[in-house]
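Trainee:
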Amino acid sequence: MLKMEENTVSELGNIGKQSLLWGQDKTAYYVNSLSAREMESLTAISDTFLPSVTMDGGDLDGDADAFFRCSASMAGTPERVDEKNENLSWKAIGYKGPDPDFKKQTIQCDKTLKQTSKDDQQQHKEDVNYEEEAELYGPLYKGLIDMQLPRDIVADNLRKYGFPVSVKHNKTGASTISSPSLVVKCDAVVVGSGSGGGVIAGILSIAGYKVLVLEKGSYFARKNLSLLEGPTMDQMYLSGGMLATDDMGVVVLAGSTVGGGSTINWSASIPTPKHVVNEWSDQHELELFDSKLYKEAMDVVCDKMGVQSEISEEGFNNSVLRKGCQELGYCVQNIPRNSPPDHYCGWCCLGCKDGKKKGTSETWLVDLVNSGNSAILPGCEAIKVLHRKGSKNRKIATGVAFKFEYKGVKDICVVESEVTIVASGALCTPNLLKKSGLKNSNIGKNLHLHPVAMAWGYFPDSNVAEEWPEESKKSYEGGIMTAMSTVVADFDKSGYGAVIQTPALHPGMFSSLIPWISGTDIKIRMCKFSRTAHIFALARDKGSGTVKSPNSISYKLEAEDEHNLQKGLEKVLRILAAAGAEEIGTHHCKGKSIKVKKVSPNEFERFVKEESLRPLRDLSTPLCSAHQMGSCRMGIDPKTSVVNQMGESWEMEGLYLADTSVFPTALGVNPMVTVQSIAYCTAQSVVEILRRKKSIY
1 MLKMEENTVS ELGNIGKQSL LWGQDKTAYY VNSLSAREME SLTAISDTFL
51 PSVTMDGGDL DGDADAFFRC SASMAGTPER VDEKNENLSW KAIGYKGPDP
101 DFKKQTIQCD KTLKQTSKDD QQQHKEDVNY EEEAELYGPL YKGLIDMQLP
151 RDIVADNLRK YGFPVSVKHN KTGASTISSP SLVVKCDAVV VGSGSGGGVI
201 AGILSIAGYK VLVLEKGSYF ARKNLSLLEG PTMDQMYLSG GMLATDDMGV
251 VVLAGSTVGG GSTINWSASI PTPKHVVNEW SDQHELELFD SKLYKEAMDV
301 VCDKMGVQSE ISEEGFNNSV LRKGCQELGY CVQNIPRNSP PDHYCGWCCL
351 GCKDGKKKGT SETWLVDLVN SGNSAILPGC EAIKVLHRKG SKNRKIATGV
401 AFKFEYKGVK DICVVESEVT IVASGALCTP NLLKKSGLKN SNIGKNLHLH
451 PVAMAWGYFP DSNVAEEWPE ESKKSYEGGI MTAMSTVVAD FDKSGYGAVI
501 QTPALHPGMF SSLIPWISGT DIKIRMCKFS RTAHIFALAR DKGSGTVKSP
551 NSISYKLEAE DEHNLQKGLE KVLRILAAAG AEEIGTHHCK GKSIKVKKVS
601 PNEFERFVKE ESLRPLRDLS TPLCSAHQMG SCRMGIDPKT SVVNQMGESW
651 EMEGLYLADT SVFPTALGVN PMVTVQSIAY CTAQSVVEIL RRKKSIY
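Residue 332 in the UniProt record's numbering sits at position 332 of the sequence shown; the count goes up by one each step and never skips.
(1) Determine, using beta carbons only, whether A537 and A453 come nearer to each other than 8 Å.
(2) Excluding the 5 residues preceding and the 5 following W364 in the sequence, name in chain order all residues of the same chain whose CB lies nearer than 6 Å to its CB.
(3) Could you tell me which residues DSSP puts in a beta bridge with T420?
(4) Mind checking whether P515 and C589 have CB atoms under 8 Å apart?
(5) So P164 packs on K185, CB below 8 Å; how close in whole Å?
(6) L690 lies in the alpha helix (DSSP H); which residues open and close that run?
(7) Quick check on this structure: which residue in T54, D56, S35, S73 has the alpha carbon closest to the alpha carbon of residue 752?
(8) What is the rounded straight-line gap between the Cα of I206 and the Cα of I376?
(9) Return the first residue and the last residue of the alpha helix (DSSP H) that K384 is part of.
(10) Here's a check: name, in chain order, each residue in its chain whose Cβ is nearer than 8 Å to the Cβ of K597, leaving out the five neighbours to either side.
(11) For R337, name the three-state secondary structure that DSSP assigns.
(12) Give me whichever residues DSSP pairs with V307 in a beta bridge.
(13) Tell me the rounded alpha-carbon separation between L433 and P340.
(14) Is the distance from the Cβ of T429 to the Cβ of D637 below 8 Å?
(15) Please classify S661: does DSSP put it in a helix, a strand, or coil?
(16) Measuring straight from C-alpha to C-alpha, what distance separates G355 and M652?
(17) Could you check what DSSP says for A483 in three-state terms: helix, strand or coil?
(18) For the region 320-337 and the region 567-577, state whether three or more C-beta atom pairs, one from each stretch, are separated by less than 8 Å.
(19) Grab the span of the alpha helix (DSSP H) containing residue 699 for me, first residue to last.
(20) Is there contact here, the region 294-314 with the region 333-351, by at least three beta-carbon pairs under 8 Å?
(21) Whole angstroms is fine: what's the gap from L350's alpha carbon to V154's?
(22) For A455 and P507, I'd like the C-alpha separation in whole angstroms.
(23) Got a sec? Which residues, its chain only, sit under 8 Å from D187 by beta carbon, not counting five neighbours each side?
(24) Grab the span of the alpha helix (DSSP H) containing C527 for me, first residue to last.
(25) Verify whether the separation of the beta carbon atoms of K403 and K410 is less than 8 Å.
(26) Where does the unbroken beta strand (DSSP E) through P378 begin, and where does it stop?
(27) Tell me which residue opens and which closes the alpha helix (DSSP H) that S41 is part of.
(28) On the DSSP letters alone, give me the boundaries of the alpha helix (DSSP H) that M233 sits inside.
(29) Y406 to K160, Cα distance in whole Å?
(30) When you compare only the Cα positions, how much space is there between V320 and D521?
(31) Assign E405 to one of three DSSP states: helix, strand, or coil.
(32) Work out the CA separation of I93 and T526 for me, nearest whole Å.
(33) Hey, could you find the ends of the alpha helix (DSSP H) H275 is sitting in?
(34) With DSSP run on the structure shown, which of helix, strand or coil describes F536?
(35) Reducing DSSP to helix, strand and coil, say where C352 ends up.
(36) At the level of alpha carbons, what is the spacing between L253 and D561?
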């Protein structure tokens with residue numbers, strides 16, 4: 001127990017088994033490659049932020065005392081981040097690291113497989129069934145093409161699925177778009193495997209068409225997940241999770257792995273709200289959203305993901321949100337999720353350890369693989385949509401050129417297709433379209449981010465007589481999102497307000513968001529990590545930005561959106577206090593907090609008002625975004641939109657978009673069901689186009 005004085009206001013398929021199981025060395029750590037002088041500078045910086053601290057009069061246990069006395073350089077931070085997947089600070093801050101149950105399963109799995117000799121590999125293949133193989137190697141292992149094999153072998157592997165392939169042996173050794181190393185022909189090429197691309201690829205495959213999916217990110221089998229923040233950010237998030245708007249005003253998180261955002265999201269599966277359906281169908285005149293097809297789409301995708309709202313046991317953060325709302329009489333409801341009631345896992349933002357979270361890599365892409373006529377190419381980035389001249393100044397899409405790294409050298413291949421679907425996400429799709437020569441002035445504009453502002457509450461593990469929240473509960477465990485309040489969402493009017501939900505914060509993200517006041521203060525805050533609940537307000541933003549490139553995002557929070565977030569923060573602070581928090585605060589840079597039970601009602605009211613009304617547009621409070629949308633929006637006029645209601649580009653025939661970039665406006669809730677539903681509808685249009693083309697031939 002931490003006691004300190006503080007102020008009251010203060011090779012199955014085509015990718016080998018080993019690459020799926022041991023794609024990374026799980027005992028490896030990051031080693032420095034800096035010069036001596038650079039290391040000296042880094043050490044000084046590290047020790048400024050995390051110095052050695054001696055706590056006078058503090059009652060610290062051994063782990064906490066060691067944590068305070070250890071500086072960054074003493075812990076080896078400049079040289080490495082993790083060693084053997086352990087961290088000196090974990091015990092002091094009450095963190096278990098990767099899910100303990102998952103660690104036990106992985107260790108046993110590794111032992112079993114390493115004991116299997118090469119001579120026994122073939123027998124092992126024959127002995128295990130599909131379910132066992134899927135558990136070990138991931139359910140997509142039979143449909144993955146390993147592009148690190150020699151070209152002739154890659155070509156043969158693709159031919160096994162029925163793809164016509166030609167191999168080009170360039171005399172110069174360098175491949176280009178005009179002289180690629182491979183040319184593959186298919187019915188449809190899909191760029192991206194997330195909630196949009198995964199759905200449309202699965203539907204086309206089930207319909208009997210040959211589909212090739214290009215995914216920039218890698219595939220991680222369930223047992224090959226690290227469930228560590230550092231490696232996962234590097235491997236499964238866009239730009240390694242180190243992405244922000246140009247002015248650093250909003251931290252941006254987006255998935256970049258097989259399954260896209262659905263692989264690392266927080267399970268929320270909320271149907272398109274009725275007020276949004278009405279706005280898009282009435283004000284934007286998009287009949288699709290009030291059609292029987294769209295209603296069917298929402299039913300189908302929710303059924304596919306096993307969406308349900310029951311909860312066997314609620315985690316720490318959501319219990320706090322629910323109790324605080326109930327105490328104050330605020331509306332609170334269960335969040336529909338694509339995971340079962342007993343999915344008590346706080347690590348799903350780092351990948352789902354058991355496949356119970358039904359993202360596209362556990363649903364639609366499994367359909368694609370099981371069809372036997374389609375394949376997935378991980379580690380392949382589309383660089384251009386290929387096209388030829390059409391009639392009336394409209395181009396016709398003919399496929400995609402893509403790149404990947406082979407033996408340290410960039411290689412370029414081409415896919416020739418009847419239709420081309422781009423589903424790279426709202427941050428990457430605009431850039432690909434522009435590089436492909438599309439000129440529509442709306443490309444990259446109208447970007448919405450669903451900006452989020454957070455507040456926190458500290459609940460000591462011996463906080464209240466009734467022992468709630470239970471001492472065993474930790475902030476990073478349990479279902480990430482199970483409860484939500486719409487008390488300031490304005491759903492019954494304009495629909496432009498803020499929903500209140502809970503985040504997934506493991507130590508790295510936690511420490512990057514809380515204000516740094518001093519080396520001592522940050523360590524005190526970190527020692528409270530495992531019992532600090534976070535709740536956030538998410539605004540349906542009217543304001544918008546522009547995607548210049550995936551790494552350059554211009555965005556300014558509008559005054560109305562700032563006001564809605566402030567209203568949300570005010571409610572969040574009250575919710576935390578009503579739930580029994582000992583101390584509450586926001587992420588504002590001044591780091592003010594208040595001991596709820598040690599101040600008068602007037603002091604409490606003054607604190608809540610002052611902290612919730614602080615400006616959010618001056619970089620003094622970090623804002624976050626996990627949802628990006630609208631950068632190639634759907635509409636009825638090419639002057640104001642990029643695609644029509646079928647998802648087809650106004651500018652290029654046979655080019656379809658199927659991701660959140662097509663949203664007409666910000667959605668206001670978690671977008672997974674909506675983007676899958678739109679992709680489902682777009683897929684029906686593409687199936688019809690392909691059917692007509694086949695009948696002509």
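Note that the Cβ used here is the ideal one computed from N, Cα and C, for glycine as well. What you are looking at is a predicted structure, and each value in this text was computed from that prediction instead of being measured.
Mentor: In terms of the structure at hand:
(1) yes
(2) G198, V199, G202
(3) V189, L655
(4) yes
(5) 4 Å
(6) 672-696
(7) Residue coverage of the chain in this structure runs from 1 to 697, which leaves residue 752 outside it and unanswerable.
(8) 15 Å
(9) No alpha helix (DSSP H) contains K384, which is instead part of the beta strand (DSSP E) from 381-388.
(10) E582
(11) strand
(12) The partner list for V307 (beta bridge, DSSP) is empty, contrary to what the question assumes.
(13) 38 Å
(14) no
(15) helix
(16) 38 Å
(17) strand
(18) yes
(19) Nothing about residue 699 can be read from this structure; the chain reaches only from 1 to 697.
(20) yes
(21) 30 Å
(22) 16 Å
(23) L204, Y209, K210, V211, S417, E418, V419, L690
(24) 519-527
(25) yes
(26) 375-378
(27) 36-49
(28) 229-236
(29) 22 Å
(30) 24 Å
(31) strand
(32) The residue you asked about is not Thr; residue 526 is Met in the sequence shown. Cα to Cα, the separation comes out at about 6 Å.
(33) 274-278
(34) strand
(35) coil
(36) 20 Å
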